[in-house]
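Right, one structure below, let's go through it.
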Amino acid sequence: DYNAAKAAVINMTKTMAMELAPDNIRMNAFNPALIRTPLWEKVAEETLVGVYGDTVDEVFKNLAAQYLLMPRYGRPDEVSGIVALMASDRASFTTGACWNIDGGLTRFMV
């Protein structure tokens, strides 16, 4: 089940942060949703066209409008920017965090 797996990753992140902090190792998780990548485009083309729209572009537009507070899909650079920041010394005091990069999708999970 997707939700159980996601909860396990979040819990593992927090546990590993506690375990690894004495060695000055930071552990953070990134939870992206509806980021337009080649993999998502393939999934949309193979399974979602005809359900959420007639084209891949329509699928992304309609999914974003239906499920996200920010009614657009995300871009890979929006994920990589946060990951780069968190890997840098500018975030050296952050560990055990779970970053939702999801345009507001998590509002459905509260």
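The sequence shown: position 110 = 112 (the numbering used here), numbered continuously.
We put the beta carbon where it would ideally sit given N, CA and C, even for glycine.
Given that a residue counts as buried once 16 or more other Cβ atoms are within 10 Å of its Cβ, and exposed if not, what is residue i?
| i | result |
| --- | --- |
| L70 | buried |
| P7 | Note that residue 7 is Ala in the sequence shown, not Pro. By the 10 Å Cβ count, A7 comes out exposed. |
| A10 | exposed |
| A46 | buried |
| E104 | The question names Glu, but residue 104 in the sequence shown is Asp. By the 10 Å Cβ count, D104 comes out buried. |
| L41 | exposed |
Could you tell me whether the Cβ atoms of residue i and residue j are closer together than 8 Å?
| i | j | result |
| --- | --- | --- |
| N33 | M88 | no |
| R74 | A66 | yes |
**Message:** Which complete beta strand (DSSP E) runs does the region 49-77 hold, if anything under 3 residues is left out?
**Reply:** Counting only runs that start and end inside the region 49-77, there is no beta strand (DSSP E) element of at least 3 residues.
**Message:** Can you confirm whether the region 18-33 touches the region 49-62 when touching is taken to mean that 3 or more C-beta pairs between the two stretches lie within less than 8 Å?
**Reply:** They do not touch, by the three-pair rule.
**Asked** Does the region 60-78 come within contact of the region 93-101, defined as at least 3 CB pairs closer than 8 Å?
**Response** Taking a contact to require three or more Cβ pairs closer than 8 Å, the region 60-78 and the region 93-101 do not qualify as touching.
**Item:** Contact between the region 36-45 and the region 76-83 (3+ Cβ pairs under 8 Å)
**Value:** When C-beta atoms of the region 36-45 are compared with those of the region 76-83, three or more pairs fall below 8 Å, so the two segments count as touching.
**Message:** To test your reading of the DSSP string, which unbroken beta strand (DSSP E) runs of 3 or more residues are found completely within the region 10-49?
**Reply:** With a minimum length of 3 residues, the continuous beta strand (DSSP E) runs that stay inside the region 10-49 are 31-34.
**Request:** Enumerate, from N- to C-terminal direction, the unbroken alpha helix (DSSP H) stretches of 4 or more residues contained entirely within the region 77-109.
**Result:** For the region 77-109, whole alpha helix (DSSP H) runs of length 4 or above, ordered along the chain, are 78-89.
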